Amino acid sequence: MRNCSLSFSRFSDGEMAVPEVDKQMLRDLELMGFPTARATRALHFSGNSTIEAVINWVIEHENDPDIDQMPLVPINIEIENGTSWMTPDEVKIKLQKLRTEYEQGKNFCKQSKLTRKMKEKGLMLLLRKVEKEQEKRAREKILQKLQEDKAERRSKLGLQPRDPGDAKSALPSQGKKSSVSVNPATKAEHMRDCLRSLKKTHKDDDARVKRAFQTLLIYVRNVAMNPDAEKFRKIRLGNPNFQERVARLKGGMEFLELCGFEKLEGDEYLYLPRDKVDMAVLSAALSQLNSAMENPFFGVL
Numbered sequence: 001m002r003n004c005s006l007s008f009s010r011f012s013d014g015e016m017a018v019p020e021v022d023k024q025m026l027r028d029l030e031l032m033g034f035p036t037a038r039a040t041r042a043l044h045f046s047g048n049s050t051i052e053a054v055i056n057w058v059i060e061h062e063n064d065p066d067i068d069q070m071p072l073v074p075i076n077i078e079i080e081n082g083t084s085w086m087t088p089d090e091v092k093i094k095l096q097k098l099r100t101e102y103e104q105g106k107n108f109c110k111q112s113k114l115t116r117k118m119k120e121k122g123l124m125l126l127l128r129k130v131e132k133e134q135e136k137r138a139r140e141k142i143l144q145k146l147q148e149d150k151a152e153r154r155s156k157l158g159l160q161p162r163d164p165g166d167a168k169s170a171l172p173s174q175g176k177k178s179s180v181s182v183n184p185a186t187k188a189e190h191m192r193d194c195l196r197s198l199k200k201t202h203k204d205d206d207a208r209v210k211r212a213f214q215t216l217l218i219y220v221r222n223v224a225m226n227p228d229a230e231k232f233r234k235i236r237l238g239n240p241n242f243q244e245r246v247a248r249l250k251g252g253m254e255f256l257e258l259c260g261f262e263k264l265e266g267d268e269y270l271y272l273p274r275d276k277v278d279m280a281v282l283s284a285a286l287s288q289l290n291s292a293m294e295n296p297f298f299g300v301l
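Structural data, given as structure tokens:
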């Protein structure tokens, strides 16, 4: 085929084709959500200059009835010396080439969108899987603690373990009674008692009770979401807001101590050591606080 160049001085009879536009800019516009036909039309009529110019053109012509129709221009290709036209076969070949390039561009953009969606979906599935695994481990830990507590109570009452598993669970508790910690289920009952006591004692000041519950919720939630951040595991007892909202209310300090907080440094701080952060206990605390704030009959009975 002979070398050719585009010209707008003479036109062939009836042959039309999609105008050539900047392929990279076309792909960028498609990834931004513009339909292919609209993006092609905007690129062609804005002179393939800049993305900003193309978008401005779209805004100005968005009400045009043919805005989403693929533009067609007359095939007007001349030989470099400007005296001879391409043969019909050459025109057909050129037209087919343009169409092929156009379809390849469309397929590339579709594949890019599909790949992005697959990656996003994969990340969402991975996130759900991690969350389910965390929930599963938390449930298993709570069940294990319940079984150990049940076995220990039967042992104290002089009853035989129900199965060998209970017996094994009870042995460590019997050998190290001083190191036994109250399981989350039992702590949840004590936490509920603290919150009930707080609400009953200050039943004439609903706003103060609500503020106390909200403050406790913030303390516990911050630790649960950022267990490695020491600033959330350390509360200054002399803080006026803490004194007003929690410390001076019956049950407030006891609730935090059940969550694992301890007094240290001359009773100046409440501190929750990192190795004593128990996500099952914190989850139980959040559950009790949510119940206290959402249940209008909480603490009434």
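All residue numbers in the sequence shown are consecutive under this note's numbering, ending with 301. All C-beta atoms in this analysis are idealised placements derived from N, C-alpha and C, irrespective of residue type, glycine included. Bear in mind the structure is a predicted one, so any value in this text is a computation, not a measurement.
Reference residue i, options the options, closest by Cα
i    : options                : result
V281 : S291, R128, K187, L31  : K187
K210 : N48, N295, L43         : N295
A292 : R192, M25, A207        : R192
D228 : K276, K250, R196, F34  : K276
N241 : A212, E103, R99        : A212
S49  : D22, R274, N239, G33   : D22
F297 : L195, V220, L237, R274 : L195
F34  : L216, D267, I67        : I67
Q69  : A37, T100, I93         : A37
N222 : E103, E20, L256        : L256
Check whether residue i and residue j have beta carbons under 8 angstroms apart
i    : j    : result
L272 : R245 : no
Y269 : I218 : no
L198 : G252 : yes
L286 : A224 : yes
L237 : D267 : yes
Helix, strand or coil at residue i [DSSP, three-state]
i    : result
A37  : helix
L94  : Going by the sequence as given, residue 94 is Lys instead of Leu. The answer is helix: DSSP assigns K94 an H, G or I state.
E262 : strand
R236 : strand
V54  : helix
A17  : strand
L270 : strand
V73  : strand
A207 : helix
Sequence-distant residues of the same chain with beta carbon closer than 7 angstroms to residue i, five excluded per side
i    : result
L72  : M16, A17, V18
L26  : A39, T40, L43, G105
A284 : P184, K187, A188, M191
T215 : R245, V246
F45  : W57
S178 : Confidence at S178 is low in this model, with a pLDDT of 37, below 50, so its placement is unreliable and the value that follows should be read with caution. Correct list: empty, nothing qualifies.
Residue i CB to nearest heavy atom of the ligand NAP below 7 angstroms
i   : result
M32 : As far as ligands go, the structure on display features none, and thus does not contain the ligand NAP.
Nonlocal neighbours in the same chain, by C-beta distance under 6 angstroms from residue i, ignoring five residues either side
i   : result
L29 : A39
Residue i at chain B interface by Cβ criterion, 8 angstroms
i    : result
K250 : Of the protein chains in this structure there is only one, and it is not chain B.
The region 201-209 contacting the region 257-266, beta-carbon criterion three pairs below 8 angstroms: no
Contact between the region 139-157 and the region 57-70 (3+ Cβ pairs under 8 angstroms): no
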